[in-house]
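Engineer: Structure below; questions to follow.
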């Protein structure tokens, strides 16, 4: 059984367990976009990079936690300055590629990305490959796959025709991390969600007593406590903000 | 030819071959590598055969096509044996003169001898040519002597002696130990100690596999191609020795399909080795089994990365996968695999023949042996150069390369392929070894060396390499796919004079991210050209941004062309070549360029005899 150290905590794990699984077992959050517990890791999104050193000496490296098997004497830091910088730069690139996704905007708020220096591309698909793996590994269909290389790489059907193996189950839609659109708040849409900081958070007021059908945006959650006049009613928000709200 | 059944039979065959050949018999060897073939080597060969037949000398004088000599600038090359007279830039018309000189007591044909550009003296032998004088041709030495398609030639120069020695006197552990002691490091670029790689692989259970990486994709690099074309048996011999050391029965050579001649010669070499009992079942009667399979790549640059190569070999999409597990633990078909570069394999017989201590005596403390570079770009002597590690860039460029053409100044040297870095002219006394190059922000890579002179714009060069890498990135991992795209966009912007100083910060951040977070070595090194040019040529970036000026006068949006009225003789040549009708003026009168119409193609600059057309850059550029 390999024994490794994650953020200073020693942990014994079974052979074959990845660093991501070990960290999540300890309750240490590591952001991911291309990972799902039921699918083989792809280490494509690189958001789960952690700083890894073997033993006490030697240079540390950033490696993707999702595909990194835990080994003896591994020393892992999931939130070092280097990891934080890599994450922020990555999220900035993601926001520019797909600014319409709620999940990516939430990541940006959660990890403190306050500006996007690139022109927005609205490419939408981030090629995490979850749909392809879902179709192949869970639905046993393999009706979609990647075509092209580099800048031309895209998720595609064979010869751009729907394959008869496609049962139109919709699993690919279900698992897509970027399909959920971001909240169209009252402010003009900027590349980076501004969290309605200058306005009353929209969903809070519009749905005064009703349950919001969207998960609250992370940016709005952060903005919430700054606005004492905003009443927070729904349970989901209450738990998130219980720390600050008295 | 019956299969050789023992080491003794091999040695007696070699003795027989040596006895059968008269060392005094004249032999004309013509380089038929890809470079010389393009320059007309096959016409020269046909011309020589015709001339010999005409004089009835075809039985007295041999004609042979050999592999690449390396001095591709001067091709087609040929050598007249046994004297070793070296001729360059031979044409089919010279055949008669050469045959006449050989039959008349070997008086060298004066005009075909290499002329030293400095002293103006004619040089007779290859070793005396300055291009070769500083080299140590351990791997390429035999290229000019043997016919790559004939195993007998290779046996004649001592081929397969290392294999015979290994099979008769050494244990697998001793071989791994010898390779470790030699200090040989992977010649594909990363420089991982070969002996250690073999040892790690041996710790994992059989069946194991062995791969030769011949997927050479760097623009301007052709070392592996020349070795496979010119001496395929040396690679095969290295692989057989490796297979014995690692207990491997199946080996693969992955070669680019763009190298048809290399594939053809290697296939012939494998077939002949099998016929002679040096491959197949029961090699030299020792019971060892090995098959070498030749696999052609489909032209993806990323397939030179070991895990992507393995994926491609297995028939999957050529995309890298994360390491660990390393191929030595879990490689081809999930089995332990050793994958080495063509030159690494070819170094193995050398180490066995000459001894690991001899090999370790060449080079520097941490980088041993010789390294092959393809010296290209703005350099007088283009070609393949094999030098001991630790040689300085100055020796490389001025002693071997013969300096920069046209008396221009050296500006930078790009080492290690598209993802290597640009080393500035100030660092010309840098010794070439793995560590020093990495410290300077570049890398050894597979050994491409592109020389740039003062007319090269470093921002434009960075943009060119980024375009290449954007195209060749597999697209699997986000930082590499998007990073290369964004970098190319920013660099294009700067080249057009629309960049800002914040862009430089963004480039540095992106470069850092790609280096840290990319999945494979392609992404991790892709930012090198940008990061090194930013480090050493920042003022050039700033000139593009602050002054909208391209100091090298390359970036089209930032330059203009003008005609110096005092020099213009009104010859009208520029008017004729101008595609945009931008040049005004009657014949015999002074011409002017209409900058609004000028597309800055530079055609007028090239044709202007009195050199009245000049390129300029700076404030005068009108914003489009």
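Protein chains in written order, with my numbering: chain A, 2 to 247; chain B, 2 to 625. Every residue, glycine too, gets a C-beta built ideally from N, C-alpha and C.
1) Please state the DSSP three-state secondary structure of residue 210 of chain B.
2) Is residue 108 of chain B helix, strand or coil when you go by DSSP?
3) Flag residue 147 of chain A as yes if its beta-carbon sits less than 9 Å from any beta-carbon of chain B, otherwise no.
4) For the alpha helix (DSSP H) that contains residue 200 of chain B, what are its first and last residues?
5) Can you list, in chain order, the residues of its chain with a C-beta nearer than 7 Å to that of residue 10 of chain B? Leave out the 5 residues immediately preceding and following it.
6) Measure the CB-CB distance between residue 458 of chain B and residue 556 of chain B and report whether it falls below 9 Å.
7) Just to make sure I have the definition right: I need the residues of chain B whose C-beta is within less than 9 Å of the C-beta of residue 98 of chain A. Which are they?
8) Against chain A, does residue 455 of chain B count as a neighbour if the rule is that its beta carbon must be under 9 Å from one of theirs?
9) Report the residues of the stretch 156-183 of chain A with a CB closer than 9 Å to any CB of chain B, ordered along the chain.
10) Distance, Cα to Cα, residue 1 of chain B vs residue 16 of chain A?
11) Nearest to residue 139 of chain A by alpha carbon, out of A:175, A:73, A:63, A:102?
12) Return the chain-ordered list of same chain residues with a C-beta closer than 6 Å to the C-beta of residue 107 of chain B, the five sequence neighbours on each side being excluded.
13) Going by the CB atoms, is the gap between residue 164 of chain A and residue 144 of chain A shorter than 9 Å?
14) At the level of alpha carbons, what is the spacing between residue 283 of chain B and residue 244 of chain B?
15) Mind checking residue 258 of chain B: buried by the 16 CB within 10 Å criterion, or exposed?
16) I need the DSSP call for residue 162 of chain A, collapsed to helix, strand or coil.
17) State the Cα-Cα distance for the pair residue 422 of chain B and residue 71 of chain B, rounded to the nearest angstrom.
18) Are the CB atoms of residue 67 of chain B and residue 77 of chain B within a distance shorter than 9 Å?
19) Which class does residue 430 of chain B belong to by DSSP, given the choice of helix, strand or coil?
20) Which residues does DSSP pair with residue 454 of chain B in a beta bridge?
21) Taking just the CA atoms, how far does residue 517 of chain B sit from residue 6 of chain A?
22) Should residue 46 of chain A be labelled buried (16 or more other beta-carbon atoms within 10 Å of its own) or exposed?
23) Can you tell me where the beta strand (DSSP E) with residue 64 of chain B in it begins and where it stops?
24) May I have the straight-line CA-CA distance separating residue 34 of chain A from residue 22 of chain A, to the nearest angstrom?
25) What does DSSP give as the partner residue(s) for residue 79 of chain B in the beta ladder?
26) For a test of the three-state rule: what should DSSP assign to residue 488 of chain B, helix, strand or coil?
27) Can you tell me whether residue 199 of chain B is buried or exposed, with buried defined as 16 or more other CB within 10 angstroms of its CB?
28) Going by DSSP in three states, residue 36 of chain A sits in which element: helix, strand or coil?
29) With DSSP as the reference, identify every bridge partner of residue 327 of chain B, one or two as the case may be.
30) Given a threshold of 16 other Cβ atoms within 10 Å of its Cβ, counted over all protein chains shown, does residue 160 of chain B qualify as buried or as exposed?
31) If you draw a straight line from the alpha carbon of residue 300 of chain B to that of residue 26 of chain A, how long is it in whole angstroms?
32) Would you identify the three-state DSSP class for residue 171 of chain B, choosing helix, strand or coil?
33) What residue range is occupied by the uninterrupted beta strand (DSSP E) comprising residue 510 of chain B?
34) Determine the direct distance from the alpha carbon of residue 509 of chain B to that of residue 414 of chain B, and round the result to whole angstroms.
35) Going along chain B in order, which residues have a C-beta closer than 9 Å to the C-beta of residue 3 of chain A?
36) Please state the DSSP three-state secondary structure of residue 208 of chain A.
Structural biologist: According to the data block:
1) Three-state result, residue 210 of chain B: strand.
2) Here residue 108 of chain B sits in coil by DSSP.
3) Yes, contact with chain B.
4) 195-203 is the span of the alpha helix (DSSP H), which, as asked, contains residue 200 of chain B.
5) Within the same chain, residue 10 of chain B has no close Cβ partners at all.
6) With a cutoff of 9 Å on beta-carbon distance, residue 458 of chain B and residue 556 of chain B are scored as near each other.
7) In chain order: 479, 483.
8) So, not an interface residue.
9) Near chain B, meaning a CB-to-CB distance below 9 Å, no residue of the stretch 156-183 of chain A qualifies.
10) Any answer about residue 1 of chain B is impossible in this case: the structure gives chain B only from 2 up to 625.
11) A check of alpha carbon separations from residue 139 of chain A across A:175, A:73, A:63, A:102 identifies A:175 as the nearest.
12) Once the five neighbours on either side are set aside, the close Cβ partners of residue 107 of chain B are 84.
13) It is a contact, given that the beta carbons lie within the stated cut-off.
14) So the alpha carbons of these two residues sit roughly 13 Å apart.
15) With fewer than 16 other beta carbons inside 10 angstroms of its own, residue 258 of chain B counts as exposed.
16) Residue 162 of chain A falls in the coil class under three-state DSSP.
17) Going from the Cα of residue 422 of chain B to the Cα of residue 71 of chain B covers about 24 Å.
18) Result no, Cβ atoms of residue 77 of chain B and residue 67 of chain B do not sit closer than 9 Å.
19) Under the three-state reduction of DSSP, residue 430 of chain B is assigned to coil, being neither helix nor strand.
20) Checking the DSSP bridge columns, you'll see residue 454 of chain B partnered with B:411.
21) Straight-line Cα distance between these residues: approximately 21 Å.
22) Residue 46 of chain A should be labelled buried.
23) Run containing residue 64 of chain B: 63-67, per the beta strand (DSSP E) assignment.
24) Take the alpha-carbon of residue 34 of chain A and the one of residue 22 of chain A: they are about 15 Å apart.
25) The partner list for residue 79 of chain B (beta bridge, DSSP) reads B:31, B:88.
26) Of the three classes helix, strand and coil, the one that applies to residue 488 of chain B here is helix, per DSSP.
27) Buried, because 16 or more other Cβ atoms sit within 10 Å of the Cβ of residue 199 of chain B.
28) Three-state result, residue 36 of chain A: coil.
29) None; residue 327 of chain B has no bridge partner.
30) It counts as buried.
31) Counting only the Cα atoms, residue 26 of chain A lies some 43 Å from residue 300 of chain B.
32) Residue 171 of chain B: coil per DSSP, three-state reduction.
33) Counting along the chain, no beta strand (DSSP E) covers residue 510 of chain B; the unbroken alpha helix (DSSP H) around it starts and ends at 502-518.
34) Distance between residue 414 of chain B and residue 509 of chain B, taken at the CA atoms: about 21 Å.
35) The premise fails here: residue 3 of chain A is roughly 13 Å from chain B at the closest Cβ pair, so nothing lies under 9 Å.
36) Residue placement at residue 208 of chain A is poorly supported in this model, since its pLDDT is 49, which falls under 50; the coordinates still yield a value, given next. Coil, per DSSP.
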